[in-house]
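The block underneath contains the structure these notes are about, expressed in structure tokens.
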Amino acid sequence: MTQTQIPGEQAVAMPPPSTVTSPEKVSSGAIASGHAQVVPGYVEDARRRAEMADRFTLEPILARYCKEEGLSMEIAKDHRREMLRFLALCGTATQHGKFYGMTGAVDELWHTFVIFTREYAAFCDAVAGRFLHHVPEVEGQMSANTFEHYLAFLADYEAVFNEPAPAAYWPRPEGDPESVACKGCSACSSCGGGGSCTVH
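What follows is the structure, encoded as structure tokens:
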């Protein structure tokens with residue numbers, strides 16, 4: 326484990342990155358475990374943060390996102406809901422020295438949100454109590470660590486929101502990290518990809 330600390334922020338223990346060269350198959354039961362099952366009060370805290378996150382309408386961010394990605398406002402609002410849920414879960418995870426991996430179309434909205442620095446910093450402060458760093462990986466490659474943390478996200482999403490993460494926005498693994506990573510399109514609104522990343 327390595328410790329990463331940015332001035333004014335708590336240190337987060339992170340396993341060293343390891344790019345998958347020969348992916349191992351993951352059993353269908355792998356999605357069954359997340360942080361919510363082992364951390365007392367996790368679900369309640371995540372729900373509270375999700376309610377707080379939902380108060381952020383993000384209108385200028387959504388307008389830019391629609392224009393850049395050629396999406397309807399209806400689809401952008403669906404992406405907003407999913408991104409805010411992801412970031413609320415991340416806010417809970419970071420309080421316990423944990424983090425999540427991400428892949429899928431919602432990542433593109435997060436990229437747009439991050440460049441609205443004032444709004445993003447205010448959101449992070451209100452919802453997470455700290456800045457949530459976007460840590461991208463090489464396009465089209467998902468490390469084993471990110472894959473494991475993405476599986477934890479899928480499990481915790483269901484535990485917190487009482488429904489599975491919508492497959493249209495959160496790709497389902499078919500056994501290995503490459504099965505959920507983007508296959509080379511950019512701004513992947515058409516295929517549902519969008520690269521992979523982690524939050525620290």
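Heads up: the sequence shown begins at 326 in the working numbering, then just goes up one per residue.
From the three backbone atoms N, C-alpha and C, an ideal C-beta is built for every residue, glycine too.
As the structure is a computational prediction, the values presented were derived from the model and not from experiment.
Ser397 sits exposed, since fewer than 16 C-beta atoms from the chains shown fall within 10 Å of its C-beta. Our two residues, Gln466 and Tyr425, have alpha carbons roughly 16 Å apart in a direct line. Annotated as proximal: Thr428 and Thr471, with beta-carbon spacing under 9 Å. In this structure, the straight-line span from the alpha carbon of Phe411 to that of Gln362 is close to 17 Å. Within the same chain, His421 come within 7 Å of Val364 by CB-CB distance, once the 5 residues on both sides are set aside.
The three-state reading of DSSP puts Val363 in coil, since its state is none of H, G, I, E or B.
CA-to-CA, the gap between Val368 and Glu433 works out to about 26 Å.
Within a 10 Å sphere around the beta-carbon of Pro498 sit 16 or more other beta-carbons, which makes this residue buried.
In this structure, Ala371 places its C-beta atom within 9 Å of the C-beta atom of Asp481. Taking the CA atoms as reference points, Gly454 sits about 23 Å from Pro385.
Contiguous beta strand (DSSP E) elements confined to the segment 386-446 occur at 426-428, taking only those with 3 or more residues. Contact annotation, Phe381 with Phe478: C-beta distance approximately 20 Å; criterion of less than 8 Å not satisfied. Closest option to Tyr494, judged by alpha-carbon separation, among Asp403, Val460, Tyr445 and Val463: Asp403.
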